[in-house]
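A short write-up of the structure that comes next.
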Amino acid sequence: MSEQPRRPRKPGKPYRRPQKDPVRMLAFEALRAVDERDAYANLVLPPLLRKAREKEGPEKFDARDAALATELVYGTLRRQGTYDAIIADCVDRPLREVDPPVLDVLSLGVHQLLGTRIPSHAAVSASVELARVVLGDGRAKFVNAVLRKVARDDLDGWLERVAPPYDEDPEDHLAVVHSHPRWVVSALWDSLGGGRAGIEELLAADNERPEVTLVARPGRATREELLGEEAAVPGRWSPYAVRLSEGGEPGAVEAVREGRAGVQDEGSQLVALALANAPLDGPDRRWLDGCAGPGGKAALLAALAAERGAFLLASEKQPHRAGLVARALDGNPGPYQVIAADGTRPAWRPGSFDRVLVDVPCTGLGALRRRPEARWRRRPEDLDGFAPLQRGLLRSALEAVRVGGVVAYATCSPHLAETRAVVTDVLKQHPGTELLDARPLLPGVPGLGEGPDVQLWPHVHGTDAMYLALVRRTS
Numbered sequence: 025m026s027e028q029p030r031r032p033r034k035p036g037k038p039y040r041r042p043q044k045d046p047v048r049m050l051a052f053e054a055l056r057a058v059d060e061r062d063a064y065a066n067l068v069l070p071p072l073l074r075k076a077r078e079k080e081g082p083e084k085f086d087a088r089d090a091a092l093a094t095e096l097v098y099g100t101l102r103r104q105g106t107y108d109a110i111i112a113d114c115v116d117r118p119l120r121e122v123d124p125p126v127l128d129v130l131s132l133g134v135h136q137l138l139g140t141r142i143p144s145h146a147a148v149s150a151s152v153e154l155a156r157v158v159l160g161d162g163r164a165k166f167v168n169a170v171l172r173k174v175a176r177d178d179l180d181g182w183l184e185r186v187a188p189p190y191d192e193d194p195e196d197h198l199a200v201v202h203s204h205p206r207w208v209v210s211a212l213w214d215s216l217g218g219g220r221a222g223i224e225e226l227l228a229a230d231n232e233r234p235e236v237t238l239v240a241r242p243g244r245a246t247r248e249e250l251l252g253e254e255a256a257v258p259g260r261w262s263p264y265a266v267r268l269s270e271g272g273e274p275g276a277v278e279a280v281r282e283g284r285a286g287v288q289d290e291g292s293q294l295v296a297l298a299l300a301n302a303p304l305d306g307p308d309r310r311w312l313d314g315c316a317g318p319g320g321k322a323a324l325l326a327a328l329a330a331e332r333g334a335f336l337l338a339s340e341k342q343p344h345r346a347g348l349v350a351r352a353l354d355g356n357p358g359p360y361q362v363i364a365a366d367g368t369r370p371a372w373r374p375g376s377f378d379r380v381l382v383d384v385p386c387t388g389l390g391a392l393r394r395r396p397e398a399r400w401r402r403r404p405e406d407l408d409g410f411a412p413l414q415r416g417l418l419r420s421a422l423e424a425v426r427v428g429g430v431v432a433y434a435t436c437s438p439h440l441a442e443t444r445a446v447v448t449d450v451l452k453q454h455p456g457t458e459l460l461d462a463r464p465l466l467p468g469v470p471g472l473g474e475g476p477d478v479q480l481w482p483h484v485h486g487t488d489a490m491y492l493a494l495v496r497r498t499s
């Protein structure tokens with residue numbers, strides 16, 4: 025058999041194997057997990073970074089690699105709405121017709137161009153190389169063409185082009201400029217009570233990287249001990265809070281590894297402290313956390329209860345989350361118990377507790393700094409799904425507390441449908457109750473409004489947007 029003649033090579037550059045960039049590959053992998061599995065970046069990213077640090081050779085991550093990968097993932101997710109509007113202006117088809125992996129590579133590239141100090145030529149080159157690795161040469165050419173269009177202007181120039189004028193459509197303008205769904209902009213604006221300055225500051229704060237805040241659990245660790253760590257400074261409001269400046273790693277703190285301290289937003293700490301310090305009529309021996317997972321507030325409450333010789337019952341409906349609560353409370357110096365139980369179907373007798381906390385499930389609109397992807401997953405109709413559960417949990421809490429005892433209703437959402445509307449509706453059905461003024465129980469914290477309930481804000485207090493109402497049972 026005669027040999028087949030070789031096909032002549034086409035003139036041009038020789039084929040070059042695409043080069044893998046470990047940092048951008050990891051960022052792309054994290055974004056795909058968020059999109060495909062509805063995962064949260066704060067759960068997906070840490071194990072990916074840990075694995076990258078454990079590798080040997082050129083793919084092993086150092087601190088700078090980890091910081092860049094983190095910025096690429098969170099920055100891209102936070103600015104997704106803005107970047108989508110810009111990309112849509114640069115392609116000849118609706119975004120829904122662009123394959124999601126292609127859109128992820130494009131978004132990563134746009135963030136490098138418009139949201140970092142990476143030089144434009146390097147941002148385009150690195151993104152096209154990533155596209156060659158994960159998408160193939162054909163779609164890499166598409167990525168190259170789009171990003172070269174994006175690179176022609178800076179972020180301010182693009183916003184002037186793709187965002188409608190504020191005077192014509194203020195909500196849509198803010199939605200594009202600050203990368204929030206329009207309905208979220210509207211809801212947050214209503215909660216703030218109007219005014220352009222406040223909503224602009226809040227939306228901007230949602231797009232900032234939050235500080236890592238630790239809590240020194242009383243009787244187990246002190247704030248002074250945590251302040252001995254590198255890059256640690258005191259919290260603003262909680263006497264147990266310590267903030268880690270940029271680059272601080274909680275896992276490197278001995279007290280955190282041992283469970284004597286934990287990672288906990290200062291707003292969450294203030295909710296627990298307000299309940300613990302609320303005035304009671306009568307004994308103070310039995311406390312309940314009725315929605316305890318994953319255990320941050322329960323661990324602080326248990327430590328505070330132990331100082332007074334009180335007992336804490338931590339209840340969580342989901343067994344795997346109850347396991348997280350048990351881990352958080354392990355080693356608490358005072359008496360406690362963790363159970364898996366439905367707070368709307370109590371496993372305890374009515375009037376059994378002196379203090380009760382219900383930090384109810386919600387849309388999570390108060391924690392968009394930490395979970396930026398949540399803003400794109402939530403829909404207005406989700407509020408209808410949470411409403412019966414929130415009211416049911418508050419009703420059960422009021423039945424669980426004795427006369428003279430106090431209930432704290434808390435939620436990590438500033439949406440009025442999840443805060444004041446719930447409290448108002450339930451208290452109408454429970455005439456033997458009164459709202460307590462929560463503001464004096466947060467000493468030194470400014471901007472708490474007219475009361476008696478409290479709404480914390482990222483742009484005012486540097487915390488998640490936690491809501492708190494304190495209710496005393498009077499009969």
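Counting from 25, one number per residue, gives the positions in the sequence shown under our numbering.
No residue lacks a Cβ here, since even glycine has one placed at the ideal position from N, Cα and C.
Quick caveat, the model's predicted, so the values are computed rather than measured.
### Message
Measuring CB atoms only, is the segment 314-327 touching the segment 345-354, in the sense that at least three cross pairs come out at less than 8 angstroms?
### Response
yes
### Task
Ignoring anything shorter than 4 residues or poking outside the segment 329-399, list the alpha helix (DSSP H) runs there in chain order.
343-353
### Query
Roughly how many angstroms separate the alpha carbons of R77 and K84, rounded to a whole number?
5 angstroms
### Query
So who's on the other strand from G286, going by DSSP bridges?
V239
### Cβ shell of T487 (< 7 angstroms), same chain only, five flanking positions each side left out
D289, E290, G291 and L480
### Task
Take A65 and list the residues in its own chain whose beta-carbon comes closer than 7 angstroms to its own, dropping the five residues that flank it on each side.
A54, V58, V97, Y98, L101 and E397
### Task
Can you tell me which of T237, A240, R260 and V277 puts its alpha carbon nearest to the alpha carbon of E254?
V277
#### Entry: 3-residue-minimum beta strand (DSSP E) runs that sit fully inside the segment 402-481, ordered along the chain
425-435 and 457-460
### Query
In this structure, does DSSP put P258 in helix, strand or coil?
strand
### Query
A265 lies in the beta strand (DSSP E); which residues open and close that run?
A265 to L268
### Beta-carbon gap between L422 and T448 smaller than 8 angstroms
no
### Query
My guess is that G358 and G333 are in contact by the Cβ rule of under 8 angstroms, so how many angstroms apart are they, rounded?
7 angstroms
### Query
Looking only at DSSP bridge pairs, what is Y64 linked to?
None, per the DSSP bridge assignment.
### Task
Output the distance between the C-alpha atoms of Q43 and A146, rounded to the nearest integer angstrom.
14 angstroms
### Query
For S499, which residues of its own chain have a beta-carbon under 7 angstroms away from its beta-carbon, when the five flanking residues on both sides are left out?
V427 and G456
### Query
Just to confirm, are V280 and L238 a CB contact at a threshold of 8 angstroms?
yes
### Query
Among the residues of its own chain, which have a CB less than 6 angstroms from the CB of A300, if the five just before and after it don't count?
L328
### Task
State the Cα-Cα distance for the pair Q361 and L336, rounded to the nearest angstrom.
7 angstroms
### Pair within 8 angstroms by beta-carbon distance, W213 and P404
no
### Query
Roughly how many angstroms lie between the CA atoms of V201 and G81, to the nearest whole one?
41 angstroms
### Message
Quick check: the Cα distance between G252 and R185, rounded to an integer number of angstroms?
### Response
If you draw a straight line from the Cα of G252 to the Cα of R185, it comes to about 49 angstroms.
### Task
Identify which residue in P385, D354 and S420 has its Cα closest to the Cα of T368.
S420
### Query
Whose C-beta lies closer than 6 angstroms to the C-beta of E232 among residues of the same chain, with five residues either side of it excluded?
none
### Query
Is V208 close to chain B, meaning its C-beta is less than 8 angstroms from at least one C-beta of that chain?
The question asks about chain B, but that chain is absent: this structure has only one protein chain.
### Task
Kindly list the residues whose CB is nearer than 7 angstroms to the CB of D354, restricted to its own chain and excluding five residues on each side of it in sequence; keep chain order.
G283
### Query
According to DSSP, which residues form a beta bridge with L500?
Missing from the structure shown is residue 500; the chain here goes from 25 to 499 and no further.
### Query
Residue range of the beta strand (DSSP E) that R310 falls in?
Where R310 is concerned, the enclosing beta strand (DSSP E) stretches over R310 to D313.
### Task
Give the C-beta separation of D366 and K341 to the nearest angstrom, bearing in mind that I take them to be a contact with Cβ-Cβ under 8 angstroms.
5 angstroms
### Message
Going by DSSP, what residue range makes up the alpha helix (DSSP H) through N168?
### Response
D161 to V174
### Query
R33 by DSSP, collapsed to three states: which one?
Low confidence applies to R33: its pLDDT is 48, below 50, so where it sits in the model is not reliable enough to give any reading.
### Message
Less than 8 angstroms between the C-beta atoms of P482 and A493, yes or no?
### Response
no
### Query
For H204, which of helix, strand or coil comes out of DSSP?
coil
### Task
Please report how far the alpha carbon of R497 lies from the alpha carbon of V380, in whole angstroms.
C-alpha separation (whole angstroms): 11 angstroms.
### Query
How about S215 and L440: are their beta carbons less than 8 angstroms apart?
Contact: yes.
### Query
Thinking just about the alpha-carbon of each residue, which of D123, A285, E60 and E95 is nearest to the one in V47?
E95
### Message
Going by beta-carbon coordinates alone, are V22 and N168 separated by less than 8 angstroms?
### Response
The structure shown does not extend to residue 22, since the chain is modelled only from 25 through 499, so no value can be given for it.
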